[in-house]
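Asker:
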Amino acid sequence: MSNKPHDTFPRLLASHVKLRPNHTAMREKDLGIWQSWTWSQVSKEVQTLAGGLASLGLKRGEKLAIIGDNRPRLYWGMVAAQTLGAIPVPLYQDSVADEMAYILDNADAKIALVEDQEQVDKLLEIRDRCPQIEHIIFDDPRGLRHYDQPFLHNFEDIQRQGQEYNQQHGDYLNNEMAQSDGNEIAIMLYTSGTTGQPKGVVLTNDNVIITARNGIVREGLTADEDVLAYLPMAWVGDNLFSYAQSLVAGFCVSCPENGSTVTNDLREIGPTYYFAPPRVYENILTQVMIRMEDAGKLKRSMFHYFMEHARKNGVKILNGEKVSVTDLLLYKLGSFLVYGPLKDTLGLGRIKLAYTAGEAIGPEIFEFYRSLGINIKQLYGQTECMVFLCVQPDGEVFADTVGTPAIDVEIKIDDNGEILYRSPGVFHSYYKNPESTASTKTPDGWVLTGDAGFFDEQNGHLKIIDRAKDVGKLNNGTMFAPKYIENKLKFYSFIKEAVLFGNERDHSCAFINIDLEAVGNWAERRNLAYSGYIDLAAQSEVYGLIKECVNKVNKDLSKDSRLGGSQIHRFIILHKELDADDGELTRTRKVKRNFVGDRYKVLIDALYSNLDECHVKTQVTFEDGRTGLLEADVKVSNAEVYSIDNLTAASEV
Amino acid sequence: MDMNERKIGDVILALDNISLSFGAMKVLDDISFDVRQGEIRSIIGPNGAGKSSMLNVINGFYHPQEGSITFRGEKRKEMDVHKAAASGIARTFQNIALFKGMSTLDNIMTGRNLKMKCNIFQQAWYWGKAQKEEIEHRQKVEEIIDFLEIQNIRKTPVGRLPYGFQKRVELGRALAAEPDILLLDEPMAGMNVEEKEDMSRFILDINDEFGTTIILIEHDMGVVMDLSDRVVVLDYGLQLADGPPDEVRSNQTVIDAYLGVSH
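As you go down the protein sequences, you meet chains H and A in turn.
Heads up: the first sequence begins at 1 in this note's numbering, then just goes up one per residue.
Heads up: the second sequence begins at 1001 in this note's numbering, then just goes up one per residue.
#1: Which same chain residues end up closer than 6 Å to G425 (chain H) when comparing Cβ atoms and leaving out the 5 residues on each side of it in sequence?
#2: Assuming contact is defined by CB atoms lying nearer than 8 Å, are L53 (chain H) and L84 (chain H) in contact in what I supplied?
#3: Is Y421 (chain H) helix, strand or coil when you go by DSSP?
#4: Is D1002 (chain A) buried or exposed, if buried means 16 or more other CB atoms sit within 10 Å of its CB?
#5: Mind checking the region 257-281 of chain H against chain A and listing, in chain order, the residues whose C-beta falls within less than 9 Å of any C-beta there?
#6: Let's see if you can read the secondary structure: which residues bound the alpha helix (DSSP H) around M1221 (chain A)?
#7: Considering Cα atoms alone, identify which of A:F1061, A:G1237 and A:M1225 is closest to R1091 (chain A).
#8: Can you tell me where the alpha helix (DSSP H) holding A538 (chain H) begins and where it ends?
#9: Would you tell me roughly how many angstroms separate the C-alpha atoms of A25 (chain H) and Y230 (chain H), rounded to the nearest one?
#10: Compare the C-beta of G32 (chain H) against all C-beta atoms of chain A and say whether one is closer than 8 Å.
#11: Tell me whether F336 (chain H) is buried or exposed, calling it buried when 16 or more other Cβ atoms sit within 10 Å of its Cβ.
#12: Output, in chain order, the set of chain H residues within a Cβ distance shorter than 9 Å of N1152 (chain A).
#13: Would a C-beta distance cut-off of 8 Å place A1241 (chain A) and V1223 (chain A) closer than the cut-off?
#14: I want to know whether the region 1015-1031 of chain A touches the region 1077-1084 of chain A - three or more CB-CB distances under 8 Å.
#15: Mapping DSSP to helix, strand and coil, what is V391 (chain H)?
#16: Cutting at 8 Å between CB atoms, please list the residues of its own chain near I365 (chain H), excluding the five before and the five after it.
#17: Applying a beta-carbon distance threshold of less than 8 Å, which residues of chain A neighbour F622 (chain H)?
#18: Identify whether A649 (chain H) lies in helix, strand or coil by the three-state DSSP scheme.
#19: For the region 143-177 of chain H, enumerate the residues whose C-beta is nearer than 9 Å to any C-beta of chain A, in chain order.
#20: Go ahead and pull the three-state DSSP assignment for V1232 (chain A).
#21: Within this structure, are the beta carbons of F1202 (chain A) and L1171 (chain A) separated by less than 8 Å?
#22: Between the beta-carbon of R27 (chain H) and the beta-carbon of S40 (chain H), is there less than 8 Å?
#23: Thinking just about the alpha-carbon of each residue, which of A:F1033, A:Q1065, A:L1098 and A:I1217 is nearest to the one in L1265 (chain A)?
#24: Checking contacts by CB at 8 Å: is D1030 (chain A) closer than that to chain H?
#25: Kindly confirm or deny that the region 228-245 of chain H and the region 420-435 of chain H touch, where touching means at least three C-beta pairs closer than 8 Å.
#26: To the nearest angstrom, how far is it from the Cα of G215 (chain H) to the Cα of L607 (chain H)?
#27: Between the beta-carbon of Y533 (chain H) and the beta-carbon of K635 (chain H), is there less than 8 Å?
#28: Taking only three categories from DSSP, how would you classify M1001 (chain A)?
#29: Would you say E995 (chain A) faces chain H, with C-beta separation under 8 Å as the test?
#30: Can you name, in chain order, every residue of its own chain whose Cβ lies under 8 Å from the Cβ of L1114 (chain A), other than the five neighbours on each side?
#31: Which chain H residues sit within Cβ distance under 8 Å of D1016 (chain A)?
#32: Please compile the residues from chain H whose C-beta is within a distance smaller than 8 Å of the C-beta of D1205 (chain A).
#33: Per DSSP, P1064 (chain A) forms a beta bridge with which residues?
#34: Give every residue of the same chain whose Cβ lies closer than 8 Å to the Cβ of F454 (chain H), excluding the five residues on either side of it in the sequence, and list them in chain order.
#35: At a Cβ threshold of 8 Å, is Q1139 (chain A) touching chain H?
#36: List in chain order: all unbroken beta strand (DSSP E) runs of 3+ residues lying wholly within the region 45-83 of chain H.
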């Protein structure tokens, strides 16, 4: 496969219809049975939908909003829009109506293709704020029977309408397809807005298709891959892995039955190519460990014996390094008895390539999967370049790097430590936002990532420390890289979320969210009674447990001359879990540090005082939008701070 | 959406002057109300008011000493449990009554029992007609699983499920009988706000999608007032009021006896 610029998605679809018409292109589980569509069936569905969209008046350059879980019909909506030269704009399906109103309005969406009643209700609620939406098409008619708005349409009716339209208009679709080229806009993806309002990233066909193809070439992916589409369609990663790469390489994408069945569906499909954010891998590992603790003695000891063997030899075997014949044989036996069945249970038995990205992943988590023979690698990327910037090469996988630059990607580090890049995937612009475009993209085509990092001198891999703007200084002059330390904390399975404070202060302090499942299980084992998160978080035994984790992180930091001064002096365990509904996390579950800092100012004041307890009142939002008041007494705990000189770096790994 | 668009038909079930006693204790005293086709009818009242007894009279588990029941135009002194089930009355229970060791799927499948036409021998062979029938029933059960959004627990033994899900499975089993009238005995007891909202939505959807008439006993006044078309209020076996939610809410006797207390 070479780089053929000027391709478009409708043409890629047409090429698969010629090359592999009866090869399965999509699957979806419905009423307990996997339904599938071949490439030629998908093409027919897309054609009638495109005709239907045309009959509703969707024209070149206009926007089709797409909102819902990963459903084949919503993916078809993307190609159908692109067939007309229109631009799909996927939105996060769990956004509240207000968040949607902003994007729909900003994007000038003309038609919305949505999954079900839940989304229709949201759109009706904000209709007066988005008057430019002329039509709403829904996939699942359940509960919508009595909705009689003339602008609401059933997906199937639109396809019927499209069939007629296509018959009456002869070559209309083919003509529209022929007019599109690689420079035309393929899609608009809104970034989740860690700061400020979301921005619409405009990507051209060449941006998306060339980047997708480069990824396929580098990893040697084929038309025989199986992918499970379970991440939000609005996220650039899903668009790359479940849409763009599928259409470039011609592999099959399966849609889960619904959001809560993903684990089962994963096991049934057994994907060969898989992406998950670190927290998914963490959750799987935590669950395996909890279930093994509850297993019988024989199984448990067998598991631990072979996992220990895998830990010593598995990674070497995966990397193609030499191990002794006995070790190899024992590993084979382990595959038969433990690793194979375990991978099958997790749905990871057929994995050729698994990616993770977005946040740093704990070394022991990484090692667990790799020692089982699962080729999990980190990548580094952004929406602004259609994901791929750096990928770890096979056999060169380290927990603390993100690998070497992807094909056609140039990377440089500026004087402030910020990472810049140039690549074929570099976005066209931010929609209707020339100021942001200008401040992100230099005139000669370099893009500022906003991340601070450096190339590791030993292996040439890129290392990310933090967001460039978040890297600050403590009053004693030490570099303060909060995310770097938060990630170290989050590597402990007991800690779900951590928020660090310390910029322009004397020392660092932390908020901790415990992992209810892991700590709950730990507590049950010790016969500690608790009624829920608040109760568990306040127990002194739990404080002891978390303090150990914090101490270990401090010890680790003390070995680094640049960061040793930013050890955590005091911490609290928050009385509630940080929640996107309360605005504390973004929809992609990243902490909004400043917002959290303002919201819990009382607690921060307590951290930087001598108090050992603090009373706090917090307003919380339930899923239905109602609010309630949460009151609690939160304890403040001190942590051990190690002197930077007194420890030898070799004392612990 | 506007609930007025729903079709509420003629009276399907009428209870006239029902009295029920256990020995010297009068549980229901001269209760009269009717239920219309397609409506959501609630029975409310404090603990011990006779609500569950009322449901038991409707599905024939209790036989009242006085009064009459008119079901689909046919007047009788009492209902018969088996006939009630066969003629389209299904119910859920205040205390969950599921087969704890069986999966969600199998539990709901048991709700299809009355609809199965093959005899035990045909079923044992599982061939021809029996196989075809089983596939049809499974299809129906899968539709219910889809409807109640419990695909993820399809194969989980019910005993391992959290309470809210068990309640949903029980609702699923009642639905599997494709009832005309569904009796729900405190479907939301012990649930949190979110679970209650889900359950409310399912009740409305069942009523709307399948046109099922629903008779509901519930303690949560917010839920009752939101869902119901008409409400009958009982207190220690006596009928205090009967009418649309707004009317009942503003009825002084009801306020004194029940609503005014804490809610």
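Beta carbons: idealized from backbone N, C-alpha and C, even for Gly.
Predicted model only: the values in this text are computed from it and were never measured.
Answerer: Inspection of the coordinates gives the following:
#1: N207, T211, C385 and M386
#2: yes
#3: strand
#4: Because the pLDDT of D1002 (chain A) is 44, which lies under 50, any placement of that residue in the model is unreliable, and the number read from its coordinates should be weighed accordingly. Result: exposed.
#5: Within the region 257-281 of chain H, the qualifying residues are E257, N258, G259, S260, T261, V262, T263 and N264.
#6: M1221 to L1227
#7: It is A:F1061 whose Cα lies nearest to the Cα of R1091 (chain A).
#8: Y533 to A538
#9: 16 Å
#10: yes
#11: exposed
#12: E257, N258, G259, S260, T261, V262, T263 and N264
#13: no
#14: The region 1015-1031 of chain A is not in contact with the region 1077-1084 of chain A.
#15: Strand at V391 (chain H).
#16: P278, Y281, E282, L285 and F491
#17: Near F622 (chain H) (Cβ distances below 8 Å), the residues of chain A are V1193 and E1194.
#18: Here the model assigns A649 (chain H) a pLDDT of 38, short of 50, so the residue's position is not dependable, and the following value carries that caveat. Looking at A649 (chain H) - three-state DSSP - the assignment turns out to be helix.
#19: Against chain A - using a Cβ distance shorter than 9 Å - the residues of the region 143-177 of chain H are G143, L144, R145, H146, Y147 and D148.
#20: In the structure shown, the three-state DSSP call for V1232 (chain A) is strand.
#21: yes
#22: Cβ distance not < 8 Å, so R27 (chain H) and S40 (chain H) don't count as in contact.
#23: Summary: the structure shown does not reach residue 1265 (chain A), with chain A confined to residues 1001 through 1263, and so no result is reported for it.
#24: no
#25: no
#26: Each residue's Cα considered, the two are about 46 Å apart.
#27: The answer is no: Cβ separation not under 8 Å.
#28: Any reading at M1001 (chain A) needs caution, since the residue's pLDDT is 42, under 50, leaving its predicted position unreliable; the model's value is listed next. Coil, per DSSP.
#29: As displayed, chain A neither begins before 1001 nor continues past 1263, which places residue 995 (chain A) out of reach and without an answer.
#30: If you ignore the 5 residues before and after L1114 (chain A), its C-beta comes within less than 8 Å of the C-beta of A1085, A1086 and A1177, all in its own chain and listed in chain order.
#31: By Cβ distance, chain H contributes nothing, its closest Cβ being about 34 Å from D1016 (chain A), past 8 Å.
#32: R142 and G143
#33: Under DSSP, no beta-bridge partner is assigned to P1064 (chain A).
#34: Answer for F454 (chain H): I413, G417, L462, K463 and I465, listed in chain order.
#35: So, interface residue.
#36: 63-67
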